[in-house]
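Enquirer: Just remember that our numbering sits 94 ahead of the position in the sequence shown, which is counted from 1.
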Amino acid sequence: MASARRAPDGFLVISAAISVFVAALIIYPLGWVIFDVLFADWRFDSAPFVALSQESGLGALLLNTIIAIGAASAVALVIGSTFAWLSERTDVGMPFLGKMLPVIPLLIPPIAGAIGWVLLAAPRAGFLNSWLSSLASLVGFGQVGPLLNIFSWPGLIFVYVIYLTPHVYLSVAAGLRNLDPSLEEAARMSGARPLTILRDVTLPAVAPAVVSGGVLALITGFALFSVPVIVGGQGGIEVLSVRIVHSMIASYPPKTGVALLLGMAIVVLIGSSWMLQRAILRAGRFATIGGRGMRSAKVKLGAWRWPARIVMTSYLLISSVLPLAALAIVSVQPFWTANISFQHLTFKHYAALFSSNSFASTGLRNSVLLGVAGATLGMLIAAVISFYIARNRGSRLAGLIDAATKLPAAVSHLVIGIAFISAFAGAPFHLHGTLAILLMAYLVLYIPQASLTASAALAQVGKELVEASLIAGASTASTFMRVTLPLMMSGLTAGWTMLFVLTAGDITASAMLAGNRNPVAGFVILDLWTNGSFPPLAAFAMILTALLSTVVIVTMAWTWRRL
95 MASARRAPDG
105 FLVISAAISV
115 FVAALIIYPL
125 GWVIFDVLFA
135 DWRFDSAPFV
145 ALSQESGLGA
155 LLLNTIIAIG
165 AASAVALVIG
175 STFAWLSERT
185 DVGMPFLGKM
195 LPVIPLLIPP
205 IAGAIGWVLL
215 AAPRAGFLNS
225 WLSSLASLVG
235 FGQVGPLLNI
245 FSWPGLIFVY
255 VIYLTPHVYL
265 SVAAGLRNLD
275 PSLEEAARMS
285 GARPLTILRD
295 VTLPAVAPAV
305 VSGGVLALIT
315 GFALFSVPVI
325 VGGQGGIEVL
335 SVRIVHSMIA
345 SYPPKTGVAL
355 LLGMAIVVLI
365 GSSWMLQRAI
375 LRAGRFATIG
385 GRGMRSAKVK
395 LGAWRWPARI
405 VMTSYLLISS
415 VLPLAALAIV
425 SVQPFWTANI
435 SFQHLTFKHY
445 AALFSSNSFA
455 STGLRNSVLL
465 GVAGATLGML
475 IAAVISFYIA
485 RNRGSRLAGL
495 IDAATKLPAA
505 VSHLVIGIAF
515 ISAFAGAPFH
525 LHGTLAILLM
535 AYLVLYIPQA
545 SLTASAALAQ
555 VGKELVEASL
565 IAGASTASTF
575 MRVTLPLMMS
585 GLTAGWTMLF
595 VLTAGDITAS
605 AMLAGNRNPV
615 AGFVILDLWT
625 NGSFPPLAAF
635 AMILTALLST
645 VVIVTMAWTW
655 RRL
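#1: Please look up how many angstroms separate the CB atoms of THR547 and THR649, rounded, as I've assumed it's under 8 Å.
#2: So, for ALA381: in the same chain, excluding its five sequence neighbours on each side, which residues have a beta-carbon less than 7 Å away from its beta-carbon?
#3: For a test of your reading of the model: does the CB of PHE436 fall under 7 Å from any non-hydrogen atom of the ligand PLP? Yes or no.
#4: Which of helix, strand or coil does DSSP assign to VAL116?
#5: Let's see if you can read the secondary structure: which residues bound the alpha helix (DSSP H) around ASN612?
#6: Taking the straight line between their C-alpha atoms, what separation do you get for MET575 and THR296?
#7: Need the endpoints of the alpha helix (DSSP H) that THR499 sits in, please.
#8: Specify whether the segment 332-352 and the segment 149-157 touch according to this definition: at least 3 beta carbon pairs, one from each stretch, less than 8 Å apart.
#9: In angstroms with no decimal places, state the Cα-to-Cα distance between ALA633 and LEU579.
#10: If I follow the unbroken alpha helix (DSSP H) through GLU278, where does it start and stop?
#11: Is there contact here, the segment 486-503 with the segment 559-577, by at least three beta-carbon pairs under 8 Å?
#12: Beta-carbon within less than 6 Å of ARG99's beta-carbon, same chain only, minus the 5 sequence neighbours each way: which residues are those?
#13: Which same chain residues end up closer than 7 Å to PHE441 when comparing Cβ atoms and leaving out the 5 residues on each side of it in sequence?
#14: Going residue by residue through the segment 174-208, where are the continuous alpha helix (DSSP H) segments of at least 4 residues, counting only ones entirely within it?
#15: Taking 6 Å as the limit between beta carbons, can you name the residues of its chain near ALA476, skipping five residues before and five after?
#16: Drop a sphere of 10 angstroms on the beta-carbon of TYR346, count the other beta-carbons inside from all chains shown, and report buried for 16 or more, exposed for fewer.
#17: Give me the Cα-Cα distance between LEU106 and PHE481, rounded to the nearest whole angstrom.
#18: Which stretch, first to last residue, makes up the alpha helix (DSSP H) that contains MET583?
#19: When DSSP builds the beta bridges, which residues end up paired with PHE138?
#20: I need the boundaries of the alpha helix (DSSP H) containing TYR263, first residue and last residue.
#21: Take ASP50 as the anchor and find which of SER572, HIS261 and LEU529 has the nearest alpha-carbon.
#22: Count the other CB atoms, across all protein chains shown, that sit within 10 Å of the CB of LYS392; report buried if there are 16 or more and exposed otherwise.
#23: By DSSP's criteria, VAL304 is part of a beta bridge. Which residues make up the other side?
#24: Whose CA, out of LEU638, PRO248, TYR254 and HIS261, lies closest to the CA of GLY66?
#25: Residues bridged to VAL393 by DSSP?
#26: Measure the C-alpha to C-alpha separation of ILE412 and ILE108 and round it to an integer number of angstroms.
#27: Kindly list the residues whose CB is nearer than 8 Å to the CB of PHE316, restricted to its own chain and excluding five residues on each side of it in sequence; keep chain order.
#28: Can you give me the C-alpha to C-alpha distance between ARG386 and ILE202, rounded to a whole angstrom?
#29: Are there 16 or more other CB atoms within 10 angstroms of the CB of LYS500, so buried, or fewer, so exposed?
#30: Quick check on the DSSP output: the alpha helix (DSSP H) that includes TRP400 runs from which residue to which?
#31: Excluding five sequence neighbours on each side, which residues of the same chain lie with their C-beta closer than 8 Å to the C-beta of LEU439?
#32: Identify which residue in SER167, LEU529, PRO630 and LEU410 has its Cα closest to the Cα of MET188.
#33: Keeping to the same chain, check which residues put their C-beta closer than 8 Å to that of GLY468; ignore five residues upstream and five downstream.
#34: Given LEU270, which residues of its chain have a CB within under 8 Å of its CB, disregarding the five upstream and five downstream residues?
#35: Could you tell me which of PRO204, GLU149, PRO630 and PHE133 sits nearest to ALA422, measuring between CA atoms?
#36: When you compare only the Cα positions, how much space is there between ALA373 and SER366?
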């Protein structure tokens with residue numbers, strides 16, 4: 095008599111359905127726009143390839159992209175990992191400030207932060223250059239030229255690093271918090287020095303989180319448009335994201351085919367990093383969350399404690415305080431000038447944002463709503479997908495779903511925006527200008543970051559805990575909700591924070607999908623930037639930063655209370 099077939103697990107079936115739906119939401123609009131570009135009358139069209147071959151400076155464009163984002167990601171990986179170790183594993187003695195320092199730049203929208211540094215370090219009108227010139231004259235050096243130039247290679251990489259470091263920090267810090275400290279304690283008891291423990295025990299143990307942080311930095315770097323277009327554009331440094339956007343909005347008709355083909359170069363660059371992460375996670379040679387719940391003793395920095403504090407505080411000053419101060423000053427000036435006159439300071443720009451510019455308050459409200467909804471749905475979906483892939487490793491469907499969730503990282507946000515307009519704006523969906531199309535687009539845009547964070551959090555959940563729950567008779571759904579999800583919560587909360595800030599401050603896709611009927615913060619900022627309204631832009635950026643800061647501080651405080 096043949097044995098009865100085992101009934102399929104209901105939770106895994108639902109997880110598979112959710113995963114397939116998300117994959118379809120990613121693939122359908124991209125496939126639609128690719129087919130529309132590369133095929134004419136159901137026949138292959140070579141015109142986009144001919145147009146690409148006629149583009150100037152492609153070699154320099156690719157080299158600029160690799161140098162700028164590669165160098166910035168490497169520096170961000172070192173800074174973010176170091177700050178994570180100092181905050182989580184040493185007695186640096188700044189429990190709240192130390193954990194908030196590296197993520198504060200996330201609270202400033204990239205376009206506002208880039209403009210803040212333009213206000214500070216522009217060769218002619220920058221505040222820092224003006225103040226340094228005055229200081230040089232005061233001490234007897236006479237009139238000196240601009241000492242800083244943000245429109246340069248160092249300036250571009252510097253601003254990139256500011257916005258890539260938080261992604262590394264959030265991933266590595268979550269990995270360190272989840273790390274079973276028994277290995278570190280054993281090494282410490284055997285007499286190993288702190289740096290030896292860090293090099294030989296801690297870093298290998300949190301390799302998934304470190305690699306995920308590096309990949310997140312690369313993904314974010316390739317997706318950023320506002321930083322290179324503002325900082326690099328003035329310095330004659332063009333990268334792929336800028337050329338892709340210009341191919342769409344600065345050309346008539348839009349060069350959609352050229353933009354899509356240029357996006358394939360990003361596919362190759364991101365794909366190699368993604369394959370490295372998968373190889374490390376599959377190897378499984380790292381520590382996981384154990385069942386004993388012991389805490390690691392803090393590494394005593396000794397004489398290095400105050401230098402570490404100074405470095406971390408200096409990072410806060412350079413990355414956040416200075417650009418925010420520049421924005422704050424300009425927001426109360428009648429117009430941007432390096433000469434500050436207290437008699438002419440005014441708050442009229444703040445009042446105007448909510449009176450004559452009525453869409454500003456609507457944009458803020460919509461951005462917060464979409465940020466909360468997008469971050470919550472994004473991390474829950476990413477957790478379910480990661481769990482499904484882990485339980486079905488080796489399955490062709492799981493592999494395809496995993497690849498699909500990484501795909502948006504390799505495509506310009508503007509391309510995804512156009513794809514969503516093409517696929518969902520008209521019949522039969524008719525979602526043009528609605529919050530629904532924005533929410534779906536944000537989920538697709540940031541599912542790579544969510545899935546990378548969720549997979550790193552899941553990788554550190556000990557398999558023995560899941561197996562013990564299943565052997566004890568708990569269902570897969572119960573195991574996921576009561577065992578896996580709580581142990582992933584630290585990493586998921588870090589990912590939620592990142593997704594909220596990215597969604598609420600998105601600009602590139604928002605410029606395509608939002609409008610006067612349903613504006614969002616990114617649309618408002620871009621409108622003010624296009625009109626050259628620096629004081630109103632600075633005022634709006636300050637309000638948005640305050641809102642983002644409040645949400646992030648609350649979520650991080652909740653996370654720390656649970657530890």
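Heads up, the beta-carbon is just placed ideally off N, CA and C, and yes, glycines get one too. Keep in mind it's a predicted model, so treat the numbers as computed, not measured.
Expert: With the given structure in hand:
#1: Looking up residue 547 in the sequence shown gives position 453. Looking up residue 649 in the sequence shown gives position 555. About 14 Å; that fails the 8 Å criterion.
#2: As a position in the sequence shown, residue 381 is number 287, starting the count at 1. Note that ALA381 scores a pLDDT of 49, beneath 50, so its modelled location is shaky; the value from the coordinates is reported in the next line. Counting only Cβ-Cβ distances below 7 Å, and skipping sequence neighbours, we find LEU273, ASP274, LEU277 and ALA299.
#3: Only the bare structure without any ligand can be found here, which leaves the ligand PLP out of the picture.
#4: Reading the sequence shown from its first residue, position 22 is the one you call residue 116. Reduced to three states, the DSSP call for VAL116 is helix.
#5: Taking the sequence shown and counting its residues from 1, one reaches residue 612 at position 518. No alpha helix (DSSP H) holds ASN612; DSSP gives it neither H nor E.
#6: Numbered from 1 along the sequence shown, position 481 holds the residue referred to as residue 575. Numbered from 1 along the sequence shown, position 202 holds the residue referred to as residue 296. C-alpha separation (whole angstroms): 29 Å.
#7: Counting from 1 along the sequence shown, the entry for residue 499 is found at position 405. Here the alpha helix (DSSP H) through THR499 covers 490-500.
#8: yes
#9: By one-based count along the sequence shown, residue 633 stands at place 539. By one-based count along the sequence shown, residue 579 stands at place 485. Approximately 40 Å between the Cα atoms of the pair.
#10: Within the sequence shown, numbered from 1, the residue matching residue 278 stands at position 184. Unbroken alpha helix (DSSP H) run through GLU278: 276-283.
#11: No: fewer than three Cβ pairs fall under 8 Å.
#12: Counting from 1 along the sequence shown, the entry for residue 99 is found at position 5. At ARG99 the pLDDT is 47, less than 50, meaning the model places this residue with poor confidence and gives no usable figure here.
#13: Position 347 of the sequence shown, counting from 1, holds the residue named residue 441. Counting only Cβ-Cβ distances below 7 Å, and skipping sequence neighbours, we find VAL426.
#14: List check, alpha helix (DSSP H) in window: 189-194.
#15: As a working mapping, residue 476 is identified with position 382 in the sequence shown. Within its own chain, the residues whose Cβ lies closer than 6 Å to the Cβ of ALA476, once the five positions on either side in sequence are excluded, are ALA544, SER545 and ALA548, listed in chain order.
#16: Position 252 of the sequence shown, counted from the first residue, corresponds to residue 346. When all chains shown are included, TYR346 counts as exposed.
#17: Reading the sequence shown from its first residue, position 12 is the one you call residue 106. Reading the sequence shown from its first residue, position 387 is the one you call residue 481. If I take the Cα positions, the gap works out to 9 Å.
#18: By one-based count along the sequence shown, residue 583 stands at place 489. Note, MET583: alpha helix (DSSP H), 579-598.
#19: Residue 138 sits at position 44 when you count from the first residue of the sequence shown. In the DSSP output, where bridge partners are listed per residue, PHE138 has PHE133.
#20: If you number the sequence shown from 1, residue 263 lands on position 169. Residues 247-272.
#21: Outside the displayed range of the chain (95 to 657) lies residue 50, so it cannot be described from this structure.
#22: As a working mapping, residue 392 is identified with position 298 in the sequence shown. Exposed: under 16 other Cβ atoms inside 10 Å.
#23: On the sequence shown, residue 304 is found 210 positions in, with the first residue counted as 1. BP columns for VAL304 are empty, so no partner.
#24: Residue numbering for the chain in the displayed model covers 95 to 657; residue 66 lies beyond these limits and cannot be assessed.
#25: Taking the sequence shown and counting its residues from 1, one reaches residue 393 at position 299. Looking at the DSSP assignment, VAL393 forms a beta bridge with THR184.
#26: By one-based count along the sequence shown, residue 412 stands at place 318. By one-based count along the sequence shown, residue 108 stands at place 14. Cα to Cα, the separation comes out at about 47 Å.
#27: Sequence index remark: in the sequence shown, residue 316 carries index 222 (1-based). Around PHE316: THR159, ILE163, LEU334, SER335, ILE360, LEU363, ILE364, ALA503 and ALA504.
#28: Stepping through the sequence shown from its first residue, residue 386 is reached at position 292. Stepping through the sequence shown from its first residue, residue 202 is reached at position 108. A caution first: ARG386 carries a pLDDT of 45, below 50, which makes its placement in the model unreliable, though a value can still be read off. The straight-line gap from Cα to Cα measures roughly 39 Å.
#29: Taking the first residue of the sequence shown as position 1, residue 500 is located at position 406. By the neighbour-count definition (other C-beta atoms within 10 Å, threshold 16), LYS500 is a buried residue.
#30: Here residue 400 refers to the residue found at position 306 of the sequence shown. That run of the alpha helix (DSSP H) goes 399-410.
#31: Taking the first residue of the sequence shown as position 1, residue 439 is located at position 345. Contacts found: VAL426 and GLN427.
#32: Residue 188 sits at position 94 when you count from the first residue of the sequence shown. The candidate whose alpha carbon is nearest that of MET188 is LEU410.
#33: One-based indexing of the sequence shown puts residue 468 at position 374. Excluding sequence neighbours, GLY468 sits near LEU533, TYR536, LEU537, TYR540, LEU593, PHE594 and THR597.
#34: For the purposes of this step, residue 270 is taken as the residue at position 176 of the sequence shown. Once the five neighbours on either side are set aside, the close Cβ partners of LEU270 are ALA178, TRP179, GLU182, ARG183, THR296, VAL300 and ALA303.
#35: Taking the first residue of the sequence shown as 1, we reach residue 422 at position 328. Of the candidates PRO204, GLU149, PRO630 and PHE133, the one whose C-alpha sits nearest the C-alpha of ALA422 is PRO630.
#36: On the sequence shown, position 279 is the one that residue 373 refers to. On the sequence shown, position 272 is the one that residue 366 refers to. Cα to Cα, ALA373 sits roughly 11 Å from SER366.
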